[in-house]
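**Q** Please read through the structure below; I'll follow up with questions.
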Amino acid sequence: MSKDELIVKLKQIVAPYIQDEEAFKNLSEDTDFINDLKINSANLVDVVLDVEDEFDIRIENDDMEKMLSVKAVIEIINEKLAVK
Amino acid sequence: MIGNDVVDLKQASIDSPKNFKGIRWKRFLHKIFTEAERQFIYNSKNEFNTVWLLWSMKEAAYKIHVRRYEKRTFNPKKLKCQIYYKKRGKVTIDEHQYYTASQISEDYIYTTATSEKNIKPISRCLRLENSPFESQYKVARNEVLKRYSELKDAPITALEIKKDKTGIPSLFLNGEKQDDSLSITHHGAYCGFALN
């Protein structure tokens, strides 16, 4: 899957949890979930669960540890999809 | 060093509506809590409140840890909670220990954490009246400034709060950074702060 396709899917996933519309509109690879989108940390768990469901992958806690930005999530999704 | 965290219980159920039943609830708990913590949750009288009590302990302790090491991560399972009695507990991250004290009410759970057992932070948890998300931090910050101005015997106008790149707030008096450690939290209709 291309990076742009992944960003589109990710944008749909995070939409219910964001608290900063402006940052959401401008969502890019460099967007930080907590600092930019103001997603609360409990909802970050929701993002992880929704990503697992959407891509049919399993995210271990060691991967989750890095999942603070769009870029990091894209990297993890690609890694998991590659070994599927 | 200190940290604090508030969970508005009503808001928590609105925030993650999918989570509170069936398989999703189990998966949610597995991502956040260790085996021992999950047992503690399942054996408690009110699973929902116990989840948020442990969560607020982890968050409050994490705020100290990130301040110490200036590195953000997201791995709630690595923060292991232990409850001593009612509202006192300890959170262990690798070889580090943080001590917690919680207030539990019908509407919210509020936890302060300290890096040493004997630290007694000044802390407050208050209800925000009709504040939209954008202004919650502002309200909390103003409460801190009021309290700090008394403590330092200085006018509010001489005080400032600035956040660094990891999001940690610091206090400034006449433009000079102070050593006091500050933690601010807000969620739903509640905000809180701890000062030391």
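Sequences listed follow chains F and G, in order.
The first sequence: position 15 = 57 (the working numbering), numbered continuously.
The second sequence: position 125 = 121 (the working numbering), numbered continuously.
All C-beta atoms, glycine included, are put in the ideal place defined by N, C-alpha and C.
Being a predicted model, the structure only gives us computed values, none of them experimental.
1) Can you give the Cα-Cα distance for ASN103 of chain F and LYS74 of chain G, rounded to whole angstroms?
2) Quick one: give me the first and last residue of the beta strand (DSSP E) that ASP175 of chain G is part of.
3) Closer than 7 Å by beta-carbon distance: list the chain F residues that pair up with GLU55 of chain G, in chain order.
4) Kindly indicate which residue of G:ASN71, G:ARG120, G:HIS61 and G:LYS67 has the alpha-carbon position closest to the one of HIS239 of chain G.
5) Could you please give me the residues that DSSP links to ASN0 of chain G through a beta bridge?
6) If SER40 of chain G and ASP1 of chain G are in contact, beta carbons under 8 Å, what's the gap, nearest whole angstrom?
7) Would you please state the rounded distance, in angstroms, between the beta carbons of ILE81 of chain F and VAL112 of chain F? I believe it to be under 8 Å.
8) Excluding the five sequence neighbours on either side, which residues of its own chain have a C-beta within less than 6 Å of the C-beta of ILE193 of chain G, listed in chain order?
9) Note down, one range per segment and in chain order, each alpha helix (DSSP H) of at least 4 residues found wholly within the stretch 39 to 119 of chain G.
10) Out of G:GLU102, G:PRO13 and G:ALA97, state which residue places its alpha-carbon closest to the alpha-carbon of LEU50 of chain G.
11) So if I threshold CB-CB distances at 8 Å, which residues from the stretch 7 to 36 of chain G count as touching chain F?
12) At which residues does the alpha helix (DSSP H) containing GLY188 of chain G begin and terminate?
13) Looking at TYR38 of chain G and TYR104 of chain G, is the spacing between their C-beta atoms short of 8 Å?
14) Just curious, the alpha helix (DSSP H) that SER131 of chain G is in, first and last residue?
15) By the three-class DSSP mapping on this structure, what secondary structure does LEU5 of chain G have?
16) Rounded to whole angstroms, how far is the Cβ of GLY188 of chain G from the Cβ of SER119 of chain G, which I believe are closer than 8 Å?
17) Between the alpha carbons of GLU117 of chain F and ALA136 of chain G, how many angstroms are there, rounded?
18) Applying the criterion that 16 or more other CB atoms from any shown protein chain within 10 Å of the CB defines a buried residue, is ARG63 of chain G buried or exposed?
19) Taking Cβ positions only, does GLN61 of chain F come closer than 8 Å to chain G?
20) Taking GLU156 of chain G as part of the beta strand (DSSP E), name the residues at either end of that continuous run.
21) Rounded to whole angstroms, what's the CA-CA distance from PHE24 of chain G to ASP92 of chain F? Just pull it up for me.
22) Is LEU191 of chain G closer than 8 Å to TYR144 of chain G when the C-beta atoms are compared?
**A** From the atom records:
1) Along the first sequence, one-based indexing puts residue 103 of chain F at 61. Along the second sequence, one-based indexing puts residue 74 of chain G at 78. Cα to Cα, the separation comes out at about 9 Å.
2) Position 179 of the second sequence, counted from the first residue, corresponds to residue 175 of chain G. Per DSSP, ASP175 of chain G belongs to the beta strand (DSSP E) from 172 to 183.
3) If you number the second sequence from 1, residue 55 of chain G lands on position 59. In chain order: SER83.
4) Missing from the structure shown is residue 239 of chain G; chain G here goes from -3 to 192 and no further.
5) Within the second sequence, the letter at position 4 stands for residue 0 of chain G. G:THR108.
6) In the second sequence, counting from the first residue as 1, residue 40 of chain G sits at position 44. In the second sequence, counting from the first residue as 1, residue 1 of chain G sits at position 5. About 19 Å separates the two Cβ atoms, so there is no contact after all.
7) On the first sequence, residue 81 of chain F is found 39 positions in, with the first residue counted as 1. On the first sequence, residue 112 of chain F is found 70 positions in, with the first residue counted as 1. Not really, about 11 Å apart at Cβ, beyond 8 Å.
8) Not covered by the structure: residue 193 of chain G. The range shown for chain G is -3 to 192.
9) Listed in chain order, the complete alpha helix (DSSP H) runs (minimum 4 residues) inside the stretch 39 to 119 of chain G are 43 to 65.
10) As a first step, residue 50 of chain G is located in the second sequence; it is residue number 54 there, counting from the start. The residue from G:GLU102, G:PRO13 and G:ALA97 with its alpha-carbon nearest to that of LEU50 of chain G is G:ALA97.
11) For the stretch 7 to 36 of chain G, which is checked against every Cβ of chain F, the residues closer than 8 Å are ALA8, ASP11, SER12, LYS14, ASN15, ARG20, ARG23, PHE24, LYS27 and ILE28.
12) Here residue 188 of chain G is taken as the residue at index 192 of the second sequence, counted from 1. Segment 186 to 191 is the beta strand (DSSP E) holding GLY188 of chain G; no alpha helix (DSSP H) there.
13) What you label residue 104 of chain G is simply residue 108 of the second sequence in a count that begins at 1. What you label residue 38 of chain G is simply residue 42 of the second sequence in a count that begins at 1. For TYR104 of chain G and TYR38 of chain G, no; Cβs fall outside 8 Å.
14) On the second sequence, residue 131 of chain G is found 135 positions in, with the first residue counted as 1. Boundaries of the alpha helix (DSSP H) around SER131 of chain G: 129 to 148.
15) Sequence index remark: in the second sequence, residue 5 of chain G carries index 9 (1-based). Note: LEU5 of chain G maps to helix in three-state DSSP.
16) Counted from its first residue, the second sequence places residue 188 of chain G at position 192. Counted from its first residue, the second sequence places residue 119 of chain G at position 123. Contact flag correct, Cβ pair sits at about 7 Å.
17) Your numbering for residue 117 of chain F matches position 75 in the first sequence. Your numbering for residue 136 of chain G matches position 140 in the second sequence. Their Cα atoms are separated by approximately 36 Å.
18) Numbered from its first residue, the second sequence carries residue 63 of chain G at position 67. That one is buried.
19) Taking the first residue of the first sequence as 1, we reach residue 61 of chain F at position 19. Chain G contact via Cβ: present.
20) By one-based count along the second sequence, residue 156 of chain G stands at place 160. 155 to 159 is the span of the beta strand (DSSP E), which, as asked, contains GLU156 of chain G.
21) If you number the second sequence from 1, residue 24 of chain G lands on position 28. If you number the first sequence from 1, residue 92 of chain F lands on position 50. PHE24 of chain G and ASP92 of chain F: Cα-Cα distance of roughly 11 Å.
22) Translated into positions along the second sequence, residue 144 of chain G becomes position 148. Translated into positions along the second sequence, residue 191 of chain G becomes position 195. Yes, they are a contact pair.
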